[in-house]
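Q:
Residue numbers (our numbering): 511 to 772.
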């Protein structure tokens, strides 16, 4: 059994490293090693862990000051034009959306995370969604319009990627309009996401800047499964989602999954 497990780990490591030559060596050198070690150790102890258990079934992103660099309530106009540029070495695409004089852009880690997800290599079976408490109907409109313009890779917008995951169904919870009646994501956004996706709280990873309140702490404390008491894994991004926070979030989720087996 141990030999078979080691052979599986070796094959996975080779696949991850090959993929990382195009994308992110940091992931393979740091996170995957940790990820593999935890999976190997747990499997040897209980024989119940698969590598897939260490990958979130659903990653939920906040928008303002987390996925991108602006606050939608501060935007005074609907998106009027786009800014072209390099998409992290993947070619030229839309890297900015103009709302009046304000440019809305994805944070570096956000673009990396979305690209890695779009590739479908590192996180098989993972899906993404959004939970944003945009203050006003207009802020929500600006946000949704921006999602349909910013590109992940040339020809694929953020919205395209979201719709790809859910076969064209909008499971995202953006704003505070009905049925979202509160900025408390634990009471409104996440219960609706769980219902829409059918994914358990303890299989979710959530990123939020938490600059206007501890959304991560509130969601982690309130959104738990009754059968095991486990909830959403969370990571705060006070300066926006960078590569460090993206990797850290994946590690937090993996550690939480491992803890369920002890």
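Even glycine gets a Cβ: it sits at the ideal position worked out from N, Cα and C. Because the structure is a prediction, the values reported are computed rather than measured.
Apart from the five residues on each side of it in sequence, which residues of its chain come closer than 6 Å, Cβ to Cβ, to residue 582?
A: Translated into positions along the chain shown, residue 582 becomes position 72. The answer, listed in chain order, is 574, 644, 649, 652 and 653.
Q: The beta strand (DSSP E) that contains residue 661, what's its start and end?
A: Numbered from its first residue, the chain shown carries residue 661 at position 151. It spans 661-663 - the beta strand (DSSP E) in which residue 661 sits, taken as one unbroken run.
Q: Taking residue 662 as the reference, which of 633, 707, 601 and 713 has the closest Cα?
A: Start at 1 with the first residue of the chain shown, and residue 662 comes out as number 152. Among 633, 707, 601 and 713, the Cα nearest to that of residue 662 belongs to 601.
Q: Using the Cβ count rule (16 or more neighbours within 10 Å means buried), how would you classify residue 588?
A: The residue given as residue 588 occupies position 78 in the chain shown. Exposed is the call here.
Q: Does DSSP classify residue 681 as helix, strand or coil?
A: Here residue 681 refers to the residue found at position 171 when the chain shown is read from its first residue. Note: residue 681 maps to coil in three-state DSSP.
Q: In its own chain, which residues sit with a C-beta less than 8 Å from the C-beta of residue 667, not counting the 5 before and 5 after it?
A: Taking the chain shown and counting its residues from 1, one reaches residue 667 at position 157. So the qualifying residues of the chain are 604, 657, 658, 659, 660 and 661.
Q: Buried or exposed for residue 552, please, with buried defined as at least 16 other CB atoms from any protein chain shown within 10 angstroms of its CB.
A: Residue 552 sits at position 42 when you count from the first residue of the chain shown. Confidence at residue 552 is low in this model, with a pLDDT of 38, below 50, so the placement of that residue is unreliable and no value is reported for it.
Q: Let me know the secondary structure DSSP gives residue 525 once reduced to three states.
A: Translated into positions along the chain shown, residue 525 becomes position 15. Reliability fails at residue 525, whose pLDDT of 40 lies under 50, so the model's placement of it is uncertain and the value that follows must be treated cautiously. Looking at residue 525 - three-state DSSP - the assignment turns out to be helix.
Q: When the Cα atoms are used, what is the spatial distance from residue 578 to residue 691?
A: What you label residue 578 is simply residue 68 of the chain shown in a count that begins at 1. What you label residue 691 is simply residue 181 of the chain shown in a count that begins at 1. Approximately 24 Å, taken between the alpha carbons.
Q: In the DSSP assignment, what are the bridge partners of residue 741?
A: As a first step, residue 741 is located in the chain shown; it is residue number 231 there, counting from the start. In DSSP, residue 741 forms a bridge with 734.
Q: Along the alpha helix (DSSP H) that carries residue 650, what are the first and last residues, could you check?
A: One-based indexing of the chain shown puts residue 650 at position 140. 647-657 is the extent of the alpha helix (DSSP H) around residue 650.
Q: Less than 6 Å between C-beta atoms, sequence neighbours within five positions excluded: which residues of the same chain meet that for residue 695?
A: By 1-based counting over the chain shown, the position of residue 695 is 185. These residues qualify, in order along the chain: 641, 725 and 729.
Q: With distance defined between alpha-carbon atoms, name the residue in 567, 746, 758 and 755 nearest to residue 639.
A: As a first step, residue 639 must be located in the chain shown, where it is residue number 129. Of the listed residues, the one whose Cα sits closest to residue 639 is 567.
Q: Rounded to whole angstroms, what is the Cα-Cα separation between residue 580 and residue 595?
A: Position 70 of the chain shown, counted from the start, is the residue given in the question as residue 580. Position 85 of the chain shown, counted from the start, is the residue given in the question as residue 595. The alpha-carbon atoms of residue 580 and residue 595 are separated by roughly 18 Å.
Q: Use the C-beta contact count for residue 682: other C-beta atoms within 10 angstroms, 16 or more gives buried, fewer gives exposed.
A: Locating residue 682 in the chain shown gives position 172, where the first residue counts as 1. The residue in question, residue 682, is buried, as its Cβ has 16 or more Cβ neighbours within 10 Å.
Q: To the nearest angstrom, how far is the alpha carbon of residue 554 from that of residue 770?
A: The residue you call residue 554 lines up with position 44 of the chain shown. The residue you call residue 770 lines up with position 260 of the chain shown. For residue 554, the predicted model reports a pLDDT of 35, less than 50, meaning its position is unreliable; a value from the coordinates is still stated below. In a straight line, the C-alpha of residue 554 is about 15 Å away from that of residue 770.
Q: How about residue 619 and residue 752: are their beta carbons less than 8 Å apart?
A: Taking the first residue of the chain shown as 1, we reach residue 619 at position 109. Taking the first residue of the chain shown as 1, we reach residue 752 at position 242. Contact flag set, yes.
Q: Below 8 Å between beta carbons: does that hold for residue 733 and residue 763?
A: Looking up residue 733 in the chain shown gives position 223. Looking up residue 763 in the chain shown gives position 253. For residue 733 and residue 763, no; Cβs fall outside 8 Å.
Q: What first and last residue would you give for the alpha helix (DSSP H) that runs through residue 753?
A: For the purposes of this step, residue 753 is identified with residue 243 of the chain shown, where counting begins at 1. Start and end: 753-769.
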